[in-house]
Amino acid sequence: MTELSYVRTEMLSPQKPPASETGIVHWVRENLLSSWGNIALTVVAAYAIYIIVAAIGPWLYRSVWNAESLQDCRAIIEARFGEGKTGACFAVISQRWQQIVFGFYPRELYWRPMLTLVLMLVALGPILFSWVPRQVLWFSITFPAVAFWLLWGGTVWLPVMILLGFVLGYVAFRLVSQFNGLAGAVLAALVPVLWWMFLCGAAADAAQSVVPIALIKLGSDQFGGFLLSTVIGISGIVFSLPLGILLALGRQSDLLIVKTFCVAFIEGFRGVPLITLLFTASLLLNYFLPPGTTFDVILRVIIMVTIFSAAYMAEVIRGGLAALPLGQYEAADALGLDYWKAQRLIIMPQALKISIPSIVGNFIGLFKDTTLVSFISLSDPLQVVSSIRANQEWNGIYWELFMFVGLLFFIFCFSMSRYSRYLENKLKTDHR
Amino acid sequence: MTIALDPPKASFRLGMLLYDTRYRSITIQVIFMILIVLGAFWLVENVTTNLKAAGKDFSFNFLWVRSGYDINQMLIQYSSDSTHGRAMLVGLLNTLFLAFITCILATVIGVVAGILRLSKNVLVSRLMEIYVETFRNVPVVLWIVLVNAIMAVSMPEPKEFRGETPTAQMMLFDSVAVTNRGVYFPEPLFSRSLGDTDIGLFLVSNDFLAIIAVVIGSIWAYRRLQSNATRVQNATGIRPVTWWKGLAIIFLPLLAFLVATGFHLGYPELKGFNFVGGVHARNSLVAMWLALSIYSATYIAEAVRAGILAISRGQTEAALALGLQPSLATRLVVLPQAMRVVVPPLISQYLSITKNTSLALAVGYMDLRSTLGGITMNQTGRELESMLLLMGIYLTISLIISVLMNIYNNSIKLKER
């Protein structure tokens, strides 16, 4: 009975998987060489990568960062790497980057846009990330006025007085709405408008004469380059979202006249290219305003870009509203919420969440579209680039400049799209 | 115990206009209407005052005045003696032509890139991801200007094609010449042409019309052939062999027509300082076409990818379980559902391509905006009329495309009961 030697008494230690099933070999086999078709794809892709790298790599390697002109650049490259060699001449960027970024903004005042950028990041903090303390939101609300003052300069009291209009409206609302809600709402709209139209300027002048605090005033013609794009782009983004929400609500509304107007507005502005609207802003606006009215060209462009983008935004948000189950509307009604409360507490948070990717896509589109202002002779980055290229010293250069401008835009747009991915994941409430 | 037999009589009071939801909507709409009318009245009033102050009237008569400028790229006959209206038509056709060829190229690139981006091959999908992210995160104007600069600076001059040892070569069997003045293609010629028909606005080549007629006829005959084969198959169980008949029906009539009319290609040739003959596509057109296509294709690629991802795997598996062949499963089950997701964004991309053609301004392609909203407007000083007309035309194009899209969307909508 003790001869049952075929029963194993100890286990074999587990063997390592075959080399072809682990590590990099497995990965390559699985991902690159799994079938003949896949191998062909890999070869083609590798060849494409080789072509691109072989074209760009040496060109980047033979780059020159210090030179006075393109001829200078070429001479340095030939001296360094031999006859007939070409390379990147990034000297144009180290020489002219200020112009591309800041336009004609006075050089000694560069700290102002820089400071605005830093403050903007601070102001964006509580809006973008939930871990930033909520108190910073108060700064975010005042940031537009701060940015306006820093960028355009002039007396500090003008933006302060403009902000004061909102405060006055709020105070009027709080005081009156105790007695009559409707009168409170009307006053909340009316008081600030009256303040801005009649008293604001005088109050600012008076305050300035008492406590003079002012920065050097700059005209809009001194704005240019990436600064201009950012100013137009960010203002457009900030204003077009609320306007787009209102338009989308108007389009979904039961009120026939409001709905018709919103549909006409949205379709009308979506149907024409932005360029024609910009031309309207620069050429035709004087026809539509009372004789003698003039106002700032950047402001005109911001208005047009905002309206154009709001029309698109409205359609995107309408998509979100339509995707919401009817039960949500009915539940809000059943809870006894009125229209605005239902929108604010139940409908909009969900509709906006659904449409985040498209909303951010719209923002990116708007930001890229700011380059079109070069056609109405505002000096956006592309306009600056063409003026540099028209220069004697840099005539004939293009890759380096376009790469630089493209990179600036890419950083902005790509980080926006990544942020939207992050937000989507954060707000995801479906089943995992 | 009291019983309310009658509901309280609804008597109308003025306050109900504000506090009763039944009447409040009417109040709001009336106020809104008044505001719109006032605003419109204000605008019209301002325009009339301003026009009067500038000494201008409001009329479209300038469209029938001699234009006096040349257009360098055109599809229909035009000279500087033609009217501004005709210049506008030339521009409109240029816009539509550019939009059309861009839509085709963008769709081809976009579909390929979208499918490749889902490839299991990491190298390929990464490459496509880089392509999509790079191109869609940089303004399209930059791409247009860049391609234009490459065309103008880096391409060989026509004279470099000359001589015993030319430094530049024509491509595709000496038929296409890429120069810094544009691209020269061979043109279709007919030695026994059928002539042209004047349809009022422009001449249409009879050969072209005849070719379309022949092709439509062939397709109709091919359909007949196939349905006949199906009938025979249903009756006897054996499907007659049709492939060579089908090929013959589709290609022979066209071939016969081309031989009969003496079809041949007119190749571009280097004469003097430039190429002569063939079709000349200027740099501006090529730059617009390439840049806009490559840029828009990234959006189409994303739409295609989303469409493919939207079809759950269960659909394919169910189709295979029903005994469909893989090709039939793709054609009958997967594609129709994917199309429902892909087509709406695809069409709105076409719409935005059409609007983006107005960026031709950046490179000087003579589209609608450059003729009507550019030279005509500057020459005649009719900003208001020109811009209104320009916007009206773009709006019409957009609305037509939207209507088509809505019709399509309704036809493929899930029928929920």
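Protein chains in written order, with this note's numbering: chain A, 1 to 432; chain B, 1 to 417. Where a beta carbon is used, it is the ideal one built from N, C-alpha and C, also for glycine.
Against chain A, a Cβ distance below 7 Å from B:S119 picks out L41. Taking the C-beta atoms as reference points, B:T376 is found nearer than 9 Å to B:S67. For B:G373, the closest C-alpha among the options B:E383, B:R24 and B:D70 is that of B:E383.
Fewer than three pairs of CB atoms, one per stretch, sit closer than 8 Å, so the region 73 to 88 of chain B makes no contact with the region 336 to 351 of chain B.
Taking 9 Å as the cut-off, the Cβ atoms of B:T134 and B:F161 do not count as close.
Against chain A, a Cβ distance below 8 Å from B:S25 picks out D254 and L255. Under the DSSP assignment, A:T116 falls outside any beta strand (DSSP E), being part of the alpha helix (DSSP H) whose first and last residues are W111 to L128.
Residues of the region 99 to 129 of chain B with a C-beta less than 7 Å from any C-beta of chain A: S119, K120, N121, V122, L123, V124 and L127, listed in chain order. Excluding five sequence positions before and after A:A45, none of the CB atoms of its chain fall closer than 6 Å to its own CB.
By the Cβ rule, the region 393 to 410 of chain B counts as touching the region 260 to 280 of chain A, because three or more pairs are nearer than 8 Å. In the same chain as A:F367, and ignoring 5 residues on each side of it, the C-beta atoms closer than 7 Å to its own belong to G233, F412 and C413, in chain order.
Excluding sequence positions up to five before and after A:S69, its CB lies within less than 6 Å of the CB of E393, all in the same chain and listed in chain order. Contact check between the region 277 to 295 of chain A and the region 375 to 387 of chain A: three or more CB pairs, one atom from each, fall below 8 Å, which counts as touching.
Counting only residues of its own chain and dropping the five nearest sequence neighbours on each side, B:F97 has a CB closer than 7 Å to the CB of L75. Taking the Cβ atoms as the reference, B:F58 lies roughly 45 Å from B:E302, outside the contact range of under 8 Å.
In this structure, B:I101 keeps its C-beta atom at 9 Å or more from the C-beta atom of B:A287. Within the region 274 to 307 of chain A, the residues whose Cβ lies closer than 7 Å to some Cβ of chain B are I275, T276, F279, T280, L283, L284, N286, Y287, F288, L289, P290 and P291, listed in chain order. Scanning its chain for C-beta atoms nearer than 8 Å, with the 5 sequence neighbours on each side dropped, one finds around A:F173 the residues G184, A185, L187 and A188, in chain order. Taking 7 Å as the upper bound on Cβ-Cβ separation, chain B lies near residues L382, G396, Y398 and F402 of the region 378 to 402 of chain A. The beta carbon of A:A248 sits closer than 7 Å to those of A314, I317, R318 and L321, all from its chain and outside the five residues before and after it, given in chain order. In summary, B:M366 is buried, with 16 or more beta-carbon neighbours lying within 10 Å of its beta-carbon over all protein chains present. Considering only B:K355, B:Q226 and B:Y408, the residue with the shortest C-alpha distance to B:A99 is B:K355.
Chain-order list of chain A residues neighbouring B:L43: F288, by C-beta distance under 8 Å. Under the rule that a run must span 4 or more residues, the alpha helix (DSSP H) segments found entirely inside the region 344 to 403 of chain A read 348 to 354, 356 to 369 and 381 to 389.
Among the residues of the region 258 to 286 of chain B, none has a Cβ less than 7 Å away from any Cβ of chain A. For B:K52, no beta strand (DSSP E) segment is defined; the enclosing uninterrupted segment is the alpha helix (DSSP H) at T21 to A54.
Straight across, the Cα-Cα distance linking A:Y170 with A:V193 is about 12 Å.
Counting only residues of its own chain and dropping the five nearest sequence neighbours on each side, A:L164 has no CB closer than 6 Å to any other CB. Where B:T197 is concerned, there is no enclosing alpha helix (DSSP H), although the beta strand (DSSP E) around it starts and stops at D196 to D198.
Distances from the CA of B:V363 to each of A:S386, A:I359, A:N362 and A:Q350 were compared; the closest alpha carbon is that of A:S386. Judged by DSSP secondary structure, A:Y61 falls outside any beta strand (DSSP E) and instead within the alpha helix (DSSP H) spanning W36 to Y61. Inclusion of B:G182 and B:H264 in the CB contact set at 9 Å is not warranted, their separation being larger than that value. Close to chain A, meaning a Cβ-Cβ distance shorter than 8 Å, is no residue of the region 336 to 350 of chain B at all. Of the candidates B:S327, B:A297, B:I401 and B:G15, B:A297 places its Cα closest to the Cα of B:V132.
DSSP, reduced to helix, strand and coil, places B:P188 within a strand of the structure shown. In this model, A:W195 and A:R134 are separated by some 30 Å (Cα to Cα).
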